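Chains as they are written, first to last, in the numbering used here: chain E, 31 to 415; chain V, 1242 to 1423.
For each residue, glycine too, the CB sits at the ideal point set by N, CA and C.
Remember, predicted model here, so these are calculated numbers, not experimental data.
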Amino acid sequence: MDFRDKFKQLDLGIGTSLSRRPIFKYLDKETGKTIALKRIILRHELLQALPLTGSSNSRQEQPIDVGIPANTIRQISLYRILDHPNIASLEYLGNDPGDHFVRLGFEYVGVDLRKFQKDNAIRSRHPKLIKSLMYQLLSGIAYYHSVNASHGNINPTNVLISNYGDDNNDDEQVNLLITNLDLCVQPSYQAPEILLESNRLSTAVDMFSAGCIFGEMLIGKPVFDTENELGSIFKLLGTPTKQTMRGVIDLDEKLKKYQKHSPKDLSETFIGVEPAGIDLLSKLLCLNPKERIMASEALKHRYFYGIEAKKRVPTPAAAAAAEVGNSSVGPFAAEVGSSSAGPSAAMDSLAAGTSAVVGSPAASASVLVESWIDMVSAALDSSEN
Amino acid sequence: MLRVPDYDPYNPIPFHGNQRNKFDYYFKLESSVTDPEDYDTRKSRYKFRCRALIVIFKYSNCKSYDPLASYLALNYFDRYLDNGNRVPNVMSCLIHNVELAVICCLTLAWKMRNITFNISEYQAEMPNLRQITEEQFMEVEFRILEGLNWDLRVITPICFVPLYTTRFLGTSHRINKRIIHD
Chain E
31 MDFRDKFKQL DLGIGTSLSR RPIFKYLDKE TGKTIALKRI ILRHELLQAL PLTGSSNSRQ
91 EQPIDVGIPA NTIRQISLYR ILDHPNIASL EYLGNDPGDH FVRLGFEYVG VDLRKFQKDN
151 AIRSRHPKLI KSLMYQLLSG IAYYHSVNAS HGNINPTNVL ISNYGDDNND DEQVNLLITN
211 LDLCVQPSYQ APEILLESNR LSTAVDMFSA GCIFGEMLIG KPVFDTENEL GSIFKLLGTP
271 TKQTMRGVID LDEKLKKYQK HSPKDLSETF IGVEPAGIDL LSKLLCLNPK ERIMASEALK
331 HRYFYGIEAK KRVPTPAAAA AAEVGNSSVG PFAAEVGSSS AGPSAAMDSL AAGTSAVVGS
391 PAASASVLVE SWIDMVSAAL DSSEN
Chain V
1242 MLRVPDYDPY NPIPFHGNQR NKFDYYFKLE SSVTDPEDYD TRKSRYKFRC RALIVIFKYS
1302 NCKSYDPLAS YLALNYFDRY LDNGNRVPNV MSCLIHNVEL AVICCLTLAW KMRNITFNIS
1362 EYQAEMPNLR QITEEQFMEV EFRILEGLNW DLRVITPICF VPLYTTRFLG TSHRINKRII
1422 HD
């Protein structure tokens, strides 16, 4: 079905993309779900023309080549299988006319974090709500990190808040979703190693961005300046030295233009925040990515004592997936991991056979491997005797 | 997205929750797909797969050699045909179309395994492939990705090796971890 037949554009644009195109929300005429579109480039030459910011950073790893860029393939194949209550699901995947782009439609529920804070100035500062939202944010990030992938663009436009009702609603019912739209945002919420153009990036970049969001929730405004982001990071956290950022980047040249600062006591900037919150914030905003707390550890931090992950309200997409049946684990569950060559083909290939693998009867890997274990063990035991 | 690492055969799909339940999750995904009943009886399908094996064997032996990429390529090719897709028609004859489809499965697999893989360099290494144009690579790769619904992070039996490693180790003192992984 054509995109225009399937979706209706909603009036309100949600921002401007990095390639300076307005991004709109669309209503799925069949399901009633709202999505926001992201375009991913299929052509190397177009990829080279994009500004090097946000999630486009990966192009530095890809020289011009023929065929579809490797990072494009990796990104989309990962989006296809993401299935987590705090991650916006991919609801639509289609081609752009001319096949220069792929259109990705991510579920869009509620409002982004910045609008939520603006419209709910008092409620958005409730300590219990902040704790619940941070737990959900870190859960989503931990999910990305479970396959060593990084989101790379955690910022308030990519954090959606829904189910918040009015001031009397239970804070733990408020739902957070991480999406991945390439919207322009200032400041960038990027980690100092990205702003310093380090080529040794890791999943820790997401944790610094999470720290920026945590700080913004606590004080109700961005922690760092829009104009001089790196300068304001150093003003609060101290100017890095060779010792504090050892092995991350050669700082000599890059730090010349920045004034030297000592790290400030975060409890003086984030007044009234409980000590455990300050401790977590300091670990998220650690300048050295190698020493920065990781998502799985952060979820166990004492700041979250009393929070239970299972209390989260499922997103509409997750609820819809649950209705499909227990065997389904996501909107594309039936296709995920569809290894139709079959486990037996794998076993054959592993054995380096060629002619024997042409046939591939259906069976599950568990049954095959179990029988294989018995067979190999028996063979070895008999040879020992 | 800033970074999606190389395809890890032991950890292909994100998982949240207790790690002890990870293999249950993988089994659930894997068992949701079974092969068609007439998999090995359709003559053309059999011929295509024989050809695919030969092409993969011949063209995977290069600087970028990676046994897992060869395995993934065959998985992609099988799934592409099993999903009811026709071999992309961009060359002069059917057999060349099949061979190009297999080669594109191989390039896609390498791209999942090695971010620095470069088709231009690969063509320079394989003189027989120089006649394939940029547009042909583009079109066939795209058609295969569409046919596979972009599902390239597949669950394979290799995912379960860590699960069974401990069981192997308990069966005979002659089996060690190195033998299993080899």
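Distance from V/Leu-1347 to V/Tyr-1300 at the Cβ level is roughly 6 Å; contact confirmed, criterion being Cβ atoms closer than 8 Å. Beta-carbon to beta-carbon, E/Gln-220 and E/Val-235 are separated by about 7 Å, close enough to satisfy the 8 Å threshold. Straight across, the Cα-Cα distance linking E/Leu-112 with E/Ile-308 is about 31 Å. DSSP places E/Pro-52 within a strand segment (E or B) once states are collapsed to three. 8 Å or more divides the Cβ of E/Val-204 from the Cβ of E/Leu-248.
Near chain V, meaning a CB-to-CB distance below 8 Å, the residues of the region 158 to 176 of chain E are Ser-169, Ala-172, Tyr-173, Tyr-174 and Ser-176. Counting only Cβ-Cβ distances below 7 Å, V/Arg-1244 has contacts in chain E at Ser-88, Ala-179, Ser-180, Gly-182 and Leu-231, in chain order.
In summary, E/Lys-148 is exposed, with fewer than 16 beta-carbon neighbours lying within 10 Å of its beta-carbon over all protein chains present. Secondary structure within the region 147 to 226 of chain E: the beta strand (DSSP E) runs of 3 or more consecutive residues, fully enclosed, are 189 to 192 and 205 to 208 (chain order).
For the C-beta of V/Arg-1394, the chain E residues within less than 9 Å are, from N- to C-terminus, Arg-104, Ser-107, Leu-108, Arg-110, Ile-111, Val-177, Val-366 and Gly-367. Beta-bridge analysis with DSSP links E/Gly-135 to E/Leu-67 and E/Tyr-122. E/Ser-180 is positioned such that its CB atom lies no closer than 8 Å to that of V/Trp-1391.
When DSSP states are grouped into helix, strand and coil, E/Gly-45 belongs to the strand group.
Around E/Leu-72, the same chain offers Ile-98, Thr-102, Asp-129, His-130, Phe-131 and Val-132 as residues with beta carbons nearer than 7 Å, after the five sequence neighbours per side are excluded. Within the model, the alpha-carbon separation for V/Arg-1408 versus V/Tyr-1267 is close to 18 Å.
Ranked by Cα distance from E/Ser-292, the first of E/Thr-271, E/Gly-302 and E/Ala-306 is E/Thr-271. With a threshold of 8 Å between beta carbons, V/Ile-1344 makes no contact with chain E.
For E/Ala-100, at least one C-beta of chain V is nearer than 8 Å to its own C-beta.
DSSP places E/Phe-300 in the coil class of the three-state scheme, outside both helix and strand. With respect to chain E, the C-beta atom of V/Asn-1302 has no partner C-beta closer than 8 Å. Secondary structure of V/Leu-1309 (DSSP, three-state): helix. Under a criterion of Cβ atoms nearer than 7 Å, no residue of chain E is adjacent to V/Ile-1336; the nearest Cβ is some 17 Å distant.
If you compare the alpha carbons of E/Ile-171, E/Arg-104 and E/Glu-60 with that of E/Ile-184, the shortest gap goes to E/Ile-171. Around E/Lys-294, the same chain offers Leu-266 as residues with beta carbons nearer than 7 Å, after the five sequence neighbours per side are excluded. Counting along the chain, the unbroken alpha helix (DSSP H) around V/Leu-1386 starts and ends at 1375 to 1388. Contact holds between the region 1336 to 1354 of chain V and the region 1307 to 1314 of chain V, because three or more Cβ pairs, one in each stretch, are under 8 Å apart.
For E/Val-215, not one C-beta of chain V is nearer than 8 Å to its own C-beta.
In chain order, Pro-222, Leu-225, Leu-226 and Tyr-288 place their CB closer than 8 Å to the CB of E/Leu-260, counting only its own chain and leaving out the 5 sequence neighbours on each side. Taken in chain order, the members of the region 1344 to 1371 of chain V whose beta-carbon sits within less than 7 Å of a beta-carbon on chain E are Thr-1348, Leu-1349, Lys-1352, Met-1353, Ile-1356, Phe-1358, Asn-1359, Ile-1360 and Ser-1361.
For E/Val-141, the closest Cβ of chain V is not nearer than 8 Å. When the beta-carbon positions are compared, E/Asp-255 and E/Leu-48 stay at least 8 Å from each other. When Cβ-Cβ separations below 8 Å define contact, E/Leu-267 makes no contact with chain V. Assigned with DSSP and collapsed to three states, E/Leu-143 falls in helix. For the pair E/Gly-245 and E/Phe-334, the CB atoms are not nearer than the 8 Å cut-off. Setting aside the 5 residues that flank it on each side, V/Cys-1303 is surrounded in the same chain by Glu-1366, each with a C-beta closer than 6 Å to its C-beta; the list follows chain order.
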